[in-house]
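Heads up: the sequence lines are chains A and B, in that order.
Just so you know, full-length UniProt numbering puts 211 at position 211 of the first sequence, and the rest follows in order with no gaps.
Just so you know, full-length UniProt numbering puts 401 at position 401 of the second sequence, and the rest follows in order with no gaps.
C-beta atoms are modelled at their ideal positions from N, C-alpha and C, and glycine is treated no differently.
Note that the coordinates shown come from a computational prediction; the quantities given were computed from them, not determined experimentally.
Structure first, commentary second.
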Amino acid sequence: MHRKAILFLSPSWILLLLFFITPMLLTFGFAFTNLSLTGTDAANIQFIGFQNFTNMFQDPEFRISVFRTLIFLLFSAVVGQVVLGLILALLMKEKRRGFRRFIGVIVIAGWVTPEIVVAFCWVAFLSDAGTFNAILQGIGFEPITWLFTFPMVSVIIANIWHGTAFSMMVFQAALDDVPKSVQEAAVIDGASRWQIFFRVTLPIVKGSIVTNMMLVTLQTLGVFTLIYTMTGGGPGNATQILPIFMYNQAFVNYQFGYGTAISLVLLVIGTVASLLYMRFMKVKL
Amino acid sequence: MWKSAKGVCVFMLIFILVTMAACSSNTESGDGKKELTVVYRSPGSVDSLKNFFDSGVVDEFEKEHPDIDVKITPITASEGDYFSKVALQMKSAETAPDVVSEDTFMLNSDANAGYLEPLDDRLSDWGEWDNIIENLKSGVTAEDGKVYGVPSTSDSRGLWYSKELFQEAGLPVPWEPKNWDEVLDAAITIKEKTDGVTPLFMQVGKANGEAVSMQTLEMLLYGTGDTLYDDSDKKWVVDSQGLLDSFNFISQVYDVEKVGPDFSVVMSGQSGNVAFQQLFPQKKLAIALDGSWNARNWAENGAAPIENVEEKIGFAPMPTQNGQEPGAITMSGGWAWAIPSKADMKEEAWEFIQFLMEKDNSINRSMTDGNLNTRTDAVEVEEYVNRPFAKESQAYLENAQFRPANDKYPAVSTQLQTVVEAIATGKLTPEDAVQQYKAGVERVVGKENTKVAE
């Protein structure tokens, strides 16, 4: 019986090993080499120890990219998508079905739109001669070069617009699962609406919140297309978060090894953030 | 049950084998001809090289070589992405093209990586090699001293200026500044005497990548007598008086005298198009330090045609810092035809390159794409020289300098772009910029490969 199970599982194991685990280990290994797309290093890969990492931590560009990544993460993922998603889900709770559907479809439209299309929509909206400036001029304001003057705010808003629906749906499902009887019991005990929310509802949906925050965080750490299309990481380096920095090192400067090392740092940031959420919310997954 | 399962397995095995065979590389096209793949970068909508190939050149070659089927496969991508894609293609014999168009600044890196075939043996038997401009040959020679490409197009850089605006401001036309101060003074005069005009445009926005290094910083630096890289001891020069002076000039233009364009224009990746397709034709830009290829914007079929353009716009040589020898300077780049080391039809590829470089074909290509020709005898062809600005652009090649033929150049160039932008926006003083550049280059190339100029 046991042997048969191994036999039947082996194809999937082999595939996983070949296409998933091997590349992962290779990535880890390449971070310690001078792997390059072109040049002498491309013909002659060498193990260079921690040099990529020492270079990285000495690079002021890298440090500021990490800082920007955290800002982007905090405002577009945690504050933006999670909080806004929760508020939307709460507001829609126990509203009429038609209303829920109507609002739901609008929010989800942002989520189902492919990232590249979202980026183009926002460029069209915020560009110097874009829709938003046309409206502003129509009501008598001076046009503003949004993508140049407020680049970080622009990409954060675009990412919130794109991602909020996901959080909203997760929270809707979680809130629907909160038993009515518990809330009714709280009402009978004389709890106020705020107390019910913070003391009863929130603790029950805590698990969903942490799971959602982790998913949204990992998703946001991987945002590339949106920013690359909207600002290219600029102006200057104002919106160069780690994925863009990594791309520039790997595909503009052709230093693949260095780029791979940066990707490991991204992985660490994602892991640390996830652990922090779990610790902070006292949830075990 | 088992019988049919076995049948299914056998069928699937055959299916897999057949598809794998169909996928494997195959240089025979359907009619038994050998397929010669040619790869180059297409900028997208206006692909002048494609127009050139389609104008009958390929047909003619195929007629002369009935056994060869030339397959033109442009890669539509930005410059940076093109280099990545081509490098990945050349890595494997399965995907390597037979003829590849290489930017001369990537040629050395790709040669060092072992992606390209040295051409020296073939060149010695090729009579036309002597007709290629001598100066350009250093651009296709790698660090190992071997030649890896045949220069196919070239370019020069200089000062574009609006003759109309110069006349309005009472500046001399034709203009030929003798040193940097005269350039700056002209820009200041324009600022004082005209209204709503950008006096001097130089690329400083990181979004424009290599243009910042080559069109701005190197055009200045190589006119001071200092260089980025010392070929004699193979070290990067990270600190020199020339570098500081170049940074100072950028600071003067953008930060002190404020004669540069609006930052919202110059920081965007579209700044070149805005400058040459909108500002110049609208008489809103007086001077721009940029490349010879911009002239094609104003041609009849260009993006922003200007009638009698030579009466309205001029192309002056970029002076050296204090007018020292040779008086003017240009950086030069351009593209070359090369053969990947993993190409499977090298002989045929070489035939095709020779064919493309024949005088008529080479001139015809320059006529279609507006770049400079790489042959010495091009200047004898009237229709070539009579194009607007062709004579000046071609003449500046005499003082052409090339970017360092070193693998690390792209990474060093990125460091330059960062500090140049910071200087222009006033975030770094020129002195601090030198220090930051020094630290940055030491990090990417290793301190042992750098030096400070005496």
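Which value, in whole angstroms, describes the spacing of the CA atoms of residue i and residue j?
i	j	result
A:Glu184	A:Ala173	20 Å
residue 320 of chain A	A:Ile227	Residue 320 of chain A lies beyond the range of chain A shown here (1 to 285); nothing can be said about it.
B:Asp69	B:Glu128	25 Å
B:Ser413	B:Leu123	32 Å
A:Leu16	A:Phe251	28 Å
A:Lys93	A:Pro179	13 Å
A:Leu73	A:Val107	20 Å
B:Val266	B:Asn297	18 Å
A:Met213	A:Met230	25 Å
B:Leu289	A:Ile262	36 Å
B:Gly446	A:Thr40	15 Å
B:Thr194	B:Arg403	37 Å
A:Ser208	A:Leu26	34 Å
B:Glu398	B:Asn135	8 Å
B:Lys235	B:Ala439	15 Å
B:Ser362	B:Ala169	41 Å
A:Asn253	B:Glu182	36 Å
residue 483 of chain B	B:Val238	Nothing about residue 483 of chain B can be reported from this structure: the residues present for chain B run from 1 to 454 only.
A:Ala158	A:Thr69	15 Å
A:Pro11	A:Thr260	29 Å
B:Trp316	A:Gly222	In the sequence on display, residue 316 of chain B carries Ala and not Trp. Their backbone Cα atoms lie some 48 Å apart in a straight line.
B:Ser25	B:Thr95	Below a pLDDT of 50, predicted positions are generally treated as unreliable, and B:Ser25, at 47, falls in that range; no measurement from the model is reported.
B:Met219	B:Val140	20 Å
A:Asp189	A:Glu142	56 Å
B:Thr104	B:Gly223	21 Å
A:Thr113	A:Ile103	16 Å
B:Lys191	A:Ala273	53 Å
B:Ala87	B:Gln167	49 Å
B:Phe389	B:Ser156	11 Å
A:Met169	A:Ala129	35 Å
A:Ala42	A:Asn34	8 Å
A:Ile116	B:Tyr229	40 Å
B:Ser78	A:Ile144	29 Å
Could you tell me which chain B residues have their CB closer than 8 Å to the CB of residue i, listed as they occur along the chain?
i	result
A:Asn237	Lys206, Thr418
A:Gly104	Residues of chain B passing the Cβ test: none, with the nearest at roughly 38 Å.
Under 9 Å between beta-carbons, which chain B residues line up against residue i? List them in chain order, please.
i	result
A:Gln58	Ala439, Arg443
Just to make sure I have the definition right: I need the residues of chain A whose C-beta is within less than 9 Å of the C-beta of residue i. Which are they?
i	result
B:Ser109	Ser36, Leu37, Thr38, Gly39, Thr40, Ala42, Tyr254
Using a C-beta to C-beta distance shorter than 8 Å, which residues of chain A count as neighbours of residue i?
i	result
B:Thr414	Asn248, Val252, Asn253
B:Asn112	Thr38, Gly39, Thr40, Ala42, Ala43
residue 462 of chain B	This structure gives no information on residue 462 of chain B, because the portion of chain B shown stretches from 1 to 454.
B:Glu421	Gly236
B:Pro410	Val252, Asn253, Tyr254
B:Met106	Thr38
Give me the Cβ distance between residue i and residue j, rounded to the nearest whole Å; I'm assuming they're in contact under 8 Å.
i	j	result
B:Lys284	B:Thr198	6 Å
A:Thr164	A:Leu215	Their Cβ separation, rounded to whole angstroms, is 13 Å, which puts A:Thr164 and A:Leu215 out of contact at 8 Å.
B:Met214	B:Gly333	7 Å
B:Ala405	B:Asn108	4 Å
B:Trp350	B:Phe249	Contact flag wrong, Cβ pair sits at about 45 Å.
A:Phe171	A:Leu86	5 Å
B:Glu380	B:Met367	Incorrect: roughly 14 Å between the Cβ atoms, too far for contact.
Interface residues of chain B around residue i at Cβ under 7 Å?
i	result
A:Gly232	Ala207, Gly269
Using a beta-carbon distance below 8 Å, is residue i in contact with chain E?
i	result
B:Arg387	Of the protein chains in the structure, A and B, none is chain E.
Near-chain B residues of the segment 246 to 277 of chain A - C-beta to any C-beta below 8 Å: Cβ contacts with chain B come from Asn248, Phe251, Val252, Asn253, Tyr254, Gln255.
Contact set between the segment 31 to 55 of chain A and chain B, restricted to residues whose Cβ is under 8 Å from the partner: Here the close residues are Ser36, Leu37, Thr38, Gly39, Thr40, Asp41, Ala42, Ala43, Asn55.
Start-end ranges of the alpha helix (DSSP H) lying completely within the segment 1 to 25 of chain A, minimum 4 residues: Here the runs fully enclosed are 2 to 16.
Chain-ordered residues of the segment 130 to 154 of chain A with a beta carbon less than 9 Å from chain B: Here the close residues are Thr145, Leu147, Phe148, Thr149.
Residues of the segment 326 to 350 of chain B with Cβ closer than 9 Å to any Cβ of chain A, in chain order: Of all residues in the segment 326 to 350 of chain B, none places a beta-carbon less than 9 Å from a beta-carbon of chain A.
Residues of the segment 252 to 285 of chain B with Cβ closer than 8 Å to any Cβ of chain A, in chain order: Those would be Phe263, Ser264, Met267, Ser268, Gly269, in chain order.
Those runs of the beta strand (DSSP E) which lie wholly inside the segment 151 to 215 of chain B and span at least 3 residues: Counting only runs of 3 or more, we get 157 to 162, 198 to 201.
Sequence ranges, alpha helix (DSSP H) only - wholly within the segment 256 to 344 of chain B, length at least 4: Unbroken alpha helix (DSSP H) runs of no fewer than 4 residues, entirely contained in the segment 256 to 344 of chain B, are found at 263 to 266, 309 to 312, following chain order.
Complete runs of the alpha helix (DSSP H) confined to the segment 61 to 115 of chain A [at least 4 residues]: Runs of the alpha helix (DSSP H) inside the segment 61 to 115 of chain A: 84 to 92, 97 to 112.
Interface positions of the segment 73 to 88 of chain B facing chain A (Cβ-Cβ less than 8 Å), listed along the chain: From the segment 73 to 88 of chain B, only Gly80, Asp81, Phe83, Ser84, Ala87, Leu88 have a Cβ closer than 8 Å to chain A.
Inside the segment 364 to 451 of chain B only - alpha helix (DSSP H) runs reaching at least 4 residues: Segments of the alpha helix (DSSP H) lying fully in the segment 364 to 451 of chain B: 382 to 385, 390 to 396, 409 to 424, 430 to 445.
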